[in-house]
Amino acid sequence: MKKSLKRIIYSLPLICAIILTSLFYLLNRTIPYGDGVLEMPILTDKVEVIRDTEGIPHITAKNSNDAYKVLGYTMASERLFQMEMLRRVGSGRISELVGSKGITIDKTFRNLGLRRHFEEKIKKDGLSPDIKEKMESFFAGVNYFIENEDLPIEFVLGGFKPEKFTVLDSYSVIGYMAYSFAAFLRHDLLMDKLKSSLDEDMWNDLQIEPHKNTVMTASVHRELKNIFKAFEDVNNDFGGFEGSNAWALSSKKTKSKKAMLASDPHIGFSLPGIWFEAHLKVEDPSGPFEIYGHFLPNIPFAVMGHDKQKAWGITISYMDDMDFYKEKFSESGNETIFEGKEIPLKRYSEVIKVRGGEDIQLPVHISHNGPILDGIMEDKGISMKWTYFLESNRPIEGFYRMGRSTNLEDFKKGVSLVGSPGLNIIYADAQDNIARLNLGAYPKRNDLSDSRVVLDGSSKDDAYNGYYKFEEMPHNINPESGFVASANNRPITADENFRGMWQPRDRFINLFSRLLAKNDWSLGDTMLLQNNVLNNENEWIRDLVVADLDISNLSEIEIKAYEELKSWDRQTFPNRVGASIYHQFMYHLTMNILDEMGEEDRNKFCGLSARWYFLGRMLKRDRAAWWDIKGTDQVETRKEVILKSFKDTVTFLNKELGSDINEWNWGKLHTIEFSHALGKSFPLNKILNLGPFPVMGAYNNINNFRKVGCKDGHKVKSGPSTRRIIDFSNPEKSYGILPLGISGHYLSPFFKNQMERFLTGKYRLQIMSDELLKKHLKTRLEIVPEYK
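First residue of the sequence shown? That's 1 in our numbering, and the numbers climb one at a time after it.
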């Protein structure tokens, strides 16, 4: 026995060495090619791929098809596992890899049919030849990589080889993107459920915007676990779209006297990050083309980008483009009834394959309003109407046309093609045009119809009266102010009929006031504004809390905390103690004031932007039904609940961070971790993930490093997925940053080379100039049809 034990002990170093050597080999063998010549027979001519010192690929080809083939190959060489996972999310096929953990996501995406919708649409209408050709070229490059190169380590560990990628995989990612935008899927169903358990005044307090008519025609009574769990899983595992800032300045507002664009879309953090950055240049005399693009995996056309003539960024619009209906069925159950007429249901049978388990049969029914959510909700017969399912929705074509446009009018035509996902497009160009354009369709609702509750699917009173034309949407083009801005706020050009789940006004007010006050914005000034961590809205809340606290009711440590909060400069740098006290207090205030809700509903509401409207509304009232704590005999006022919440805050921080208030730094609570799709639990989280790291910013700051909901404390879940600034005085030399790097390979020098700069608010070059690229050249690869 002792001899055996000794052998095992002596063998351990060798075993560890073998494992580490094998891991190093598997990781190292897939790092993309650097310098040299590579043969790719699917090309028709030579293509050059130069990587700059940041690892960004600059692809130069003599024709578009070769350019897109090499883009597909290059993206696959860096991000193939991410591409695989995202197409599986959008098509509802995660369970085939991860087993039962993926069932909730798969049921959701299969029930909604986000990929199936476009599969049927393409079969019926086809794609325009130029778009189809370029998409097929892109996926030919992806598939060439799969067939001819070593697969990343995730495929080796998972024991599978990816199927061939197709054009439909672009639409799977569009479905994932649109779903992560669709906050109304959670908001409307939760609000409908709460309406049946709260009195009317208390329910109205929870809303983002008041509504003159709120008539219940149907109600959600049961739990919404699957709806919220699917959102949580998608956002946590794959990086959901959560917000964003973007603004454009005309020449009258800039130091350079040229237009400028700034953009930082907020997305759930993941490893690798969501954007694949690349510079494409086609030297075809009959059709030259160039774009510096930020691409989503599996989509060959830039979702954000710039060239020498134009630049654009995106923010989520949060406009209300979704409604829910309680359907009335015929006796046979094969039809829904609308205005007394029977309308046949579409029926599908989806089969979800589960790794290590039995297949799941999922019947899916689609009414004239949209998919019926029986597969993901306990309440039956509720359908979802969404602009995503419009026949006129052409998102891929829209992004293609936007990238190919040569002026603002052409660009607007591209934007007008998209029915969903709902976005604000912030645009600037070399001709000094600036614009905020609404991308996405918006329904015309009956005045009596309240989109915050489940509507009556059988009545024309709750049916749409069509959709607003693109020209009727609240765009903002070349305003007199000289700037346009979006921070997921209600568009300032919109009337009361344009409703949405707008983010709190904090970021927009901060942006608007600063942009209005200054007329000589430089690149450096704009960088500082993108990294701003001062929230002016916190001032009146802090001052109200301090005024309401009676120090005679505070202990010694609570008085010290009170003084820290009172003197806090409202900045959320990692060393700020006041930031910890303020944000932890807002958490306890939320939990105490919402005690009329059950814990589960309270946590669901906490993840909605409506929470901040509600808190602001309540803090301006000394007495309200919400201030009364349900478990006590007395009727509490605002001051009493503020006192309780403050004491709860100090108790928590004392327990978590110790009795020395000087150690209650914001960076100890507010941390960021970049998580791999496979690194959600021990021990892989320790091996695959990066972090946690202390980080500045907070929810509702311009530098919007934010938690999502009220779980997991102040751990950052989303924030700037890139920061970009393009000044048209020199668009060939712009500035940007990614959270990590361009590569998904752990041993690549471009895996996390930008992380430290990103976390500290720094930037690096985005190069389109040939001369500048020569100075920052790292590798040069020639890809040829035939090696000679």
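Where a beta carbon is used, it is the ideal one built from N, C-alpha and C, also for glycine.
Treat the numbers as computed from the prediction; the structure is a model and nothing was measured.
- Spanning the alpha carbons of N204 and L198 requires a straight line of approximately 9 angstroms.
- Nearest to I352 by alpha-carbon distance, out of I687, G744, R93 and K620, is R93.
- By the Cβ-count criterion, L448 is exposed, with fewer than 16 other Cβ atoms from all chains shown falling within 10 Å of its own Cβ.
- Residue burial annotation: T108 is buried, with at least 16 other C-beta atoms found within 10 angstroms of its C-beta.
- In its chain, beyond the 5 residues on either side, V635 and E636 have a beta carbon closer than 6 angstroms to the beta carbon of D628.
- Within the same chain, K444 come within 6 angstroms of N465 by CB-CB distance, once the 5 residues on both sides are set aside.
- Distances from the alpha-carbon of Y467 to those of N446, M402 and G658 put N446 closest.
- With respect to the 8 angstroms criterion, V415 and L437 are classified as neighbours on the basis of their beta carbons.
- Fewer than three pairs of CB atoms, one per stretch, sit closer than 8 angstroms, so the stretch 268–284 makes no contact with the stretch 244–254.
- Here Y292 is near D307, since their CB atoms are less than 8 angstroms apart.
- Comparing alpha-carbon positions, the option among E358, K774 and G457 lying closest to G340 turns out to be G457.
- For G598, the number of other beta carbons within 10 angstroms of its own is below 16, and it is reported as exposed.
- The beta carbons of I105 and Y613 sit about 30 angstroms from each other, so the pair does not count as a contact at 8 angstroms.
- The alpha-carbon of V89 is positioned some 31 angstroms away from that of I343.
- In the DSSP assignment, no residue is bridged to N407.
- Of all C-beta pairs linking the stretch 656–663 to the stretch 671–686, fewer than three are shorter than 8 angstroms, placing the two stretches out of contact.
- If only complete runs of 3 or more residues are kept, the stretch 443–490 shows the beta strand (DSSP E) at 483–486, in order along the chain.
- Contact annotation: M260 and A487 have beta-carbon atoms that are not nearer than 8 angstroms.
- With a cutoff of 8 angstroms on beta-carbon distance, A561 and V454 are scored as not near each other.
- The straight-line gap separating the alpha-carbon atoms of G578 and L765 is approximately 35 angstroms.
- Taking C-beta atoms as the reference points, E782 and E48 count as a pair closer than 8 angstroms.
- The stretch 115–135 makes contact with the stretch 387–407: 3 or more CB pairs, one atom from each, lie closer than 8 angstroms.
- Around the beta carbon of W540, a 10 Å sphere encloses fewer than 16 other beta carbons of the protein chains shown; the residue is thus reported as exposed.
- Proximity to A302 across K328, D125, P395 and H365 peaks at P395, based on C-alpha coordinates.
- Counted as a single uninterrupted DSSP element, the alpha helix (DSSP H) harbouring L684 occupies residues L684 to L688.
- Contact between R621 and R638 holds, since their C-beta atoms are separated by about 7 angstroms, short of 8 angstroms.
- By the CB criterion at 8 angstroms, L373 and I360 fall outside the cutoff.
- A residue is called buried once 16 or more other Cβ atoms fall within 10 Å of its Cβ, and P288, having fewer, is exposed.
- C-alpha of I557 to C-alpha of D595: approximately 27 angstroms in a straight line.
- DSSP, read as helix, strand or coil, puts S383 in strand.
- Nearest Cα to D320 within the set S332, Q503 and E290: Q503.
- Distance from the CA of L690 to the CA of I153, rounded to the nearest whole angstrom, comes to 17 angstroms.
- Cβ-Cβ distances below 7 angstroms link P474 to N438, P491, T493, A494 and F498 in the same chain, with the five nearest sequence neighbours on each side left out; the list follows chain order.
- In the three-state reduction of the DSSP assignment, T649 falls in the helix class, which pools H, G and I.
- Secondary structure at H365: strand, using DSSP grouped into helix, strand and coil.
- Residue ranges of uninterrupted beta strand (DSSP E) with 3 or more members, entirely inside the stretch 311–360 and ordered along the chain, are 322–326, 335–338, 341–344 and 346–352.
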